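Heads up, the thing below is written out as structure tokens.
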Amino acid sequence: SHFGSSADSSLVASTTPLFEPSGRDMAARPIALLLSALAAVPCAAEVAAAKDKDNQVYIVVLLPACVMLVGSIAVFCVTVPAKLQAAFQNLSAGILISAVAGELYPLIATPADADSPWKHYLAVLAGFVIAVLVMFGLGRLTGGAEDEEEEEEAKAERHANVTQAADEESGGKVSEVFSGEVEELMEEVGKLVVAVPIGSRDEIDKLVHTMMFVVDRAKRALSLPEPFDEASLKRMQFHADELRQNGESLKIATTTVGARKAIGIFEKTLAHIHGHTERMRFRRWSPAAQKDKVAEKISWPLVFAVFVDAAVDGLLVGLAFTASVGTGWCMSIATCIEMGFLGLSFCASVRNMTTSKLKQVVFVLGPSLVLAVFGILGDIIGTAMQSNPAVFVGFISFAIVALMFLVTQELLVESRETAGESIIVNSCLFVGMLLGILLGAVLS
38 SHFGSSADSS LVASTTPLFE PSGRDMAARP IALLLSALAA VPCAAEVAAA
88 KDKDNQVYIV VLLPACVMLV GSIAVFCVTV PAKLQAAFQN LSAGILISAV
138 AGELYPLIAT PADADSPWKH YLAVLAGFVI AVLVMFGLGR LTGGAEDEEE
188 EEEAKAERHA NVTQAADEES GGKVSEVFSG EVEELMEEVG KLVVAVPIGS
238 RDEIDKLVHT MMFVVDRAKR ALSLPEPFDE ASLKRMQFHA DELRQNGESL
288 KIATTTVGAR KAIGIFEKTL AHIHGHTERM RFRRWSPAAQ KDKVAEKISW
338 PLVFAVFVDA AVDGLLVGLA FTASVGTGWC MSIATCIEMG FLGLSFCASV
388 RNMTTSKLKQ VVFVLGPSLV LAVFGILGDI IGTAMQSNPA VFVGFISFAI
438 VALMFLVTQE LLVESRETAG ESIIVNSCLF VGMLLGILLG AVLS
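Numbering-wise (this note's numbering), the sequence shown opens with residue 38 and increments by one.
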């Protein structure tokens, strides 16, 4: 046969049944095969790039979650200086500004469909409005505690001024009231010295608590505290009513187990009332000092606010990564800084809420897990929405507003409060912008 073996003949017949190939056709076949192989290389590269991007998203999302967890653990052994925190805040803000300007804004600047741009701009408007409502709503949710803290700081400053004026007026001498408290305190000490050898637990406990009350009264004689304001009295009245209900539960307890539970609840409420005016306020960048006594009272609004904050940040990381790999990494790095300090502050607050190790572990691990889950969810949502340009643009618009809210309403504000006019700390903002530009260039 002209084509050689029957196998070759059948192969050619199956591929070119309408004509016999000439010598030129036979020579061109290897070239065609080579061109087909070269054409397949970009397709393989795209598949590999897609797989690489899928792997990257897990790193981008898990990185801030792990850093938040490390920050939570670090509260037990690390104290971060205030100015260093402010420098990191500026650095994080600069990275986010760079990501928004260089990566996200170009995605919404020009409509993809020139024939109907109104859909594009309507999606941008919707994303902006929703983001403003959500972010300011979250800010109001978490800002209540900070407003109360500022009020307490103002009261403390006024009280310090009053105390200083009283000291100047008395020439620095203690008052007669304080001297009287000291005499009473020494009388109780004498009674305790006599009671200890007898070994009566109730008598010793009574004397110790009496002396604690006298010490508190003596401290008030020295510090001249302001009268309770109306808001504080309303809070204590609420807890006093709660204490009365706890007392009613005590009266109707008929079993040892029930009585122990009821007295425990009564004790917690009583301790909460006693320490009500001394509670530490939560700040996301500044961990509260650990208390000697824990009231076992969970601040559920604070817990809810931190969990929601972690969910929103995770969602933004996922959406940003879907829009642009460079933006995703910038957002991830900035979120690492933010969530690391948030973990530090939140863990310190949790220690002051409860001594239960189980509750501490749940509250510390929870936000990190929520951040990771919502980060992956954000990537899934963003990928699904890419087929609908208007919805995708709306999500990007939402992300831009959310990121700029974080920069202008939290990072820069808190940094300015701490650093003031410090050139070194404030210049970190521009260092962060440069890092964001370089990072975007490297990843592109």
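By construction, the Cβ of each residue, glycine as well, lies at the ideal position given by its N, Cα and C atoms.
Note that the structure is a prediction, hence the values are computed from the model and not measured.
Length of the line joining the Cα atoms of residue i and residue j
i: Ala163; j: Gly431; result: 6 angstroms
i: Ser109; j: Leu121; result: 18 angstroms
i: Asp204; j: Val462; result: Caution applies to Asp204, whose pLDDT of 49 falls short of 50 and renders its modelled position unreliable; the value that the coordinates give is listed next. Taking the straight line from one Cα to the other gives about 38 angstroms.
i: Gln93; j: Pro338; result: 34 angstroms
i: Val343; j: Ser405; result: 10 angstroms
i: Ile96; j: Val399; result: 23 angstroms
i: Ser336; j: Thr391; result: 10 angstroms
i: Phe165; j: Pro118; result: 36 angstroms
i: Gly139; j: Val349; result: 22 angstroms
i: Arg388; j: Val245; result: 27 angstroms
i: Asp242; j: Leu440; result: 56 angstroms
i: Cys114; j: Ser369; result: 25 angstroms
i: Met470; j: Ala136; result: 8 angstroms
i: Val362; j: Ile417; result: 14 angstroms
i: Val438; j: Ser269; result: 37 angstroms
i: Ala427; j: Val479; result: 29 angstroms
i: Val468; j: Ser452; result: 15 angstroms
i: Glu267; j: Val251; result: 26 angstroms
i: Leu144; j: Lys396; result: 43 angstroms
i: Ala82; j: Ser393; result: Note that Ala82 has pLDDT 42, beneath the 50 cutoff, so the model's placement of it is unreliable and no number is given.
i: Lys156; j: Thr147; result: 12 angstroms
i: Glu304; j: Ser216; result: 32 angstroms
i: Ser424; j: Ala168; result: 22 angstroms
i: Phe429; j: Phe378; result: 31 angstroms
i: Thr445; j: Phe173; result: 12 angstroms
i: Gly301; j: Thr291; result: 15 angstroms
i: Asp150; j: Leu159; result: 13 angstroms
i: Phe383; j: Gly457; result: 25 angstroms
i: Asp253; j: Ile289; result: 33 angstroms
i: Asp278; j: Phe341; result: 26 angstroms
i: Val345; j: Lys271; result: 29 angstroms
i: Thr293; j: Ala385; result: 35 angstroms
8 angstroms contact criterion, which residue i and residue j should meet: CB distance rounded
i: Leu443; j: Leu133; result: 7 angstroms
i: Val104; j: Met376; result: 6 angstroms
i: Ala222; j: Ala255; result: Checking the displayed sequence, the identity of residue 222 turns out to be Leu instead of Ala. Yes, Leu222 and Ala255 are in contact; Cβ-Cβ is about 7 angstroms, under 8 angstroms.
i: Pro101; j: Thr372; result: 4 angstroms
i: Gly473; j: Gly176; result: Contact flag wrong, Cβ pair sits at about 24 angstroms.
i: Glu225; j: Met248; result: 5 angstroms
i: Leu141; j: Thr364; result: 6 angstroms
i: Ser434; j: Val161; result: 5 angstroms
Sub-8 angstroms separation of residue i and residue j beta-carbons
i: Gly295; j: Gly355; result: no
i: Ala347; j: Val401; result: no
i: Asn283; j: Ala258; result: no
i: Cys367; j: Leu128; result: no
i: Gly415; j: Leu352; result: yes
i: Ala123; j: Leu381; result: no
i: Gly403; j: Ala360; result: no
i: Ile374; j: Phe125; result: yes
i: Leu307; j: Leu280; result: yes
i: Val98; j: Ala409; result: yes
i: Ile235; j: His276; result: no
i: Ala421; j: Ala357; result: no
i: Ala232; j: Glu220; result: no
C-beta neighbour in chain B for residue i, strict 8 angstroms
i: Thr372; result: Here there is only one protein chain, and chain B is not present.
For residue i, the first and last residue of its enclosing alpha helix (DSSP H)
i: Gln397; result: 394-422
i: Gly301; result: 293-311
i: Val450; result: 449-456
i: Cys114; result: Per DSSP, Cys114 belongs to no alpha helix (DSSP H) and is neither H nor E.
i: Ser386; result: 362-390
i: Ala138; result: No alpha helix (DSSP H) contains Ala138, which DSSP labels as neither H nor E.
i: Ile437; result: 426-442
i: Pro234; result: 213-235
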